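Student:
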DNA sequence: ATTTAACATGTCAAGAATGACATGTTGTCA
DNA sequence: TGACAACATGTCATTCTTGACATGTTAAAT
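Here it is in structure tokens:
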């Protein structure tokens, strides 16, 4: 399961509580890579602890439990990460699905959708570029993490932006996608 | 649910059997947008038929059932597609997750992974470019569909390729992601 | 004639994810 | 002092997805 590896990976960069991990999943990792809410994170942390891949290093205020990866967990994470690309890897993206189904719409609706997509991704790329530019080099424990993710996101938005512009051009030509 | 809309969308472009839809999901749509196997497709077609969004237009050899979208189904599809971007849209991508967890590895392993990613995406982009270039304009019923998806895929691979090269550069600098 | 591959559909148990519900704490502002 | 927002964890029923199993047909090659 990928969620377990996502948690292992985040904890390997820096120990954290379930609550902090939940917030992490609201950032880039959840937007581009893997979504998860606290209702799946908490039970999964429990299972990882039961398997000896993570452990609670200390309990803080409000019942907060800080988890850290064990050596065994780090081993498991490394072997998963270094595996060759899995051809049956999970892929699920509702937004991209919408784009792929464009051809099912009338040309006028297609243009409407593509224009929206182009605008949205253009804006998103610009905003993200600004955020990444202002990030202090060597900030928090996940600074490198955020930088990599940010650069990934920028390129992602730009790619979709370029695609939407290209598609608009080609639909305009003959009224067909 | 997105699977129902994916099926509705594919059928809206051209009527098809469950078997044909299953093969469709092994192509670009399954690789970039939404995965599904026949074990989820067949029951879902049944549910869509029960809701009156699709119907069987005729039964062919080997028990094959050809489905088509009803007016109601087309309506439902259109309203789903034209919805504003959903901030809680499902996102799940195992490959991208691996990239995001790079920081959890030692610099040497990071470089290994990034080099692999760069090579793989570079090759994939080139191959896909060749496939798209040789596609006959105005081929089958889903020709436009394949073209859009192909162009999307090319840009996707290129974006990840560029990102991996950028990341390799930055890790090389100071041994940190 | 037989075998094999591709065609074609289906069920069902097990596992994963979501959304609704539930509970209690700590710090801050009025 | 009281209210509120943010902190922090959890359960559970429902829904969705996967993988194993099951069944039968048609066309082509041997």
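Protein chains in written order, with the numbering used here: chain Y, 1 to 177; chain H, 1001 to 1177. Just so you know, even glycine gets a beta-carbon here, dropped at the ideal spot from N, CA and C. Note that the coordinates shown come from a computational prediction; the quantities given were computed from them, not determined experimentally.
Please work out which residues of its chain come closer than 6 Å, Cβ to Cβ, to residue 38(Y), disregarding the five sequence neighbours upstream and downstream, and give them in chain order.
Tutor: Here the set comprises 22.
Student: Do residue 1255(H) and residue 148(Y) have their C-beta atoms closer together than 8 Å?
Tutor: The structure shown does not extend to residue 1255(H), since chain H is modelled only from 1001 to 1177, so the question has no answer here.
Student: Are residue 135(Y) and residue 146(Y) close, meaning C-beta to C-beta below 8 Å?
Tutor: Closer than 8 Å, so yes.
Student: When the Cα atoms are used, what is the spatial distance from residue 162(Y) to residue 115(Y)?
Tutor: Cα to Cα, residue 162(Y) sits roughly 11 Å from residue 115(Y).
Student: Among the residues of its own chain, which have a CB less than 8 Å from the CB of residue 98(Y), if the five just before and after it don't count?
Tutor: Excluding sequence neighbours, residue 98(Y) sits near 113.
Student: In this structure, does DSSP put residue 1016(H) in helix, strand or coil?
Tutor: The answer is strand: DSSP assigns residue 1016(H) an E or B state.
Student: Looking at the strands, I want to know which residues DSSP matches up with residue 68(Y).
Tutor: According to DSSP, which records beta bridges pairwise, residue 68(Y) is partnered with 55(Y).
Student: If you drop the 5 nearest sequence neighbours on each side, which residues of the same chain put their C-beta closer than 8 Å to that of residue 151(Y)?
Tutor: Excluding positions up to five away in sequence, the list reads 132.
Student: Since residue 1092(H) is in the beta strand (DSSP E), which residue starts that stretch and which ends it?
Tutor: Per DSSP, residue 1092(H) belongs to the beta strand (DSSP E) from 1091-1093.
Student: Is the shortest distance between the beta-carbon of residue 1033(H) and the beta-carbons of chain Y less than 8 Å?
Tutor: Closer than 8 Å to some Cβ of chain Y, the Cβ of residue 1033(H) qualifies, so yes.
Student: Quick check: does the Cβ of residue 120(Y) come within less than 7 Å of any heavy atom belonging to the ligand SAM?
Tutor: Inclusion of the ligand SAM in the displayed structure is not the case, the ligand content being empty and no account of it being possible.
Student: Just to make sure I have the definition right: I need the residues of chain Y whose C-beta is within less than 8 Å of the C-beta of residue 1027(H). Which are they?
Tutor: By Cβ distance, chain Y contributes nothing, its closest Cβ being about 10 Å from residue 1027(H), past 8 Å.
Student: Just checking, does the region 1042-1059 of chain H make contact with the region 1070-1079 of chain H on the three C-beta pairs under 8 Å criterion?
Tutor: Flag = yes, the region 1042-1059 of chain H and the region 1070-1079 of chain H touch.
Student: Please compile the residues from chain Y whose C-beta is within a distance smaller than 7 Å of the C-beta of residue 1179(H).
Tutor: The question about residue 1179(H) has no answer here: the residues shown for chain H are numbered 1001 through 1177.
Student: What first and last residue would you give for the alpha helix (DSSP H) that runs through residue 1048(H)?
Tutor: Residue 1048(H) -> alpha helix (DSSP H) spans 1038-1050.
Student: Would you say residue 1096(H) reaches chain Y, if we count a Cβ-Cβ gap shorter than 8 Å as a contact?
Tutor: Yes - at least one Cβ of chain Y is within 8 Å of the one on residue 1096(H).
Student: Counting C-beta neighbours from all protein chains within 10 Å, is the total for residue 180(Y) 16 or more, i.e. buried, or is it exposed?
Tutor: The structure shown does not extend to residue 180(Y), since chain Y is modelled only from 1 to 177, so the question has no answer here.
Student: Indicate whether at least one CB of chain Y lies closer than 8 Å to the CB of residue 1109(H).
Tutor: Answer yes: the Cβ-Cβ gap between residue 1109(H) and chain Y drops below 8 Å somewhere.
Student: Where residue 1127(H) and residue 86(Y) are concerned, what is the direct C-alpha to C-alpha distance, given to the nearest angstrom?
Tutor: Straight-line Cα distance between these residues: approximately 18 Å.
Student: Report the rounded CA-to-CA distance for residue 1041(H) versus residue 1064(H), giving the unit in angstroms.
Tutor: So the two alpha carbons sit approximately 14 Å from each other.
Student: With burial defined as no fewer than 16 other Cβ atoms inside 10 Å of the residue's Cβ, what is the status of residue 1125(H): buried or exposed?
Tutor: Classification for residue 1125(H): buried.
Student: At a CB distance below 8 Å, what residues from the region 1142-1165 of chain H approach chain Y? Give them in sequence order.
Tutor: If the cut-off is 8 Å between Cβ atoms, the region 1142-1165 of chain H has 1142, 1144, 1145, 1147, 1148, 1149, 1151, 1152, 1155, 1156, 1158, 1159, 1160, 1162, 1163 near chain Y.
Student: Run through chain Y and tell me which residues come within less than 9 Å of residue 1012(H), C-beta to C-beta.
Tutor: Simply 101, 103, 104, 105.
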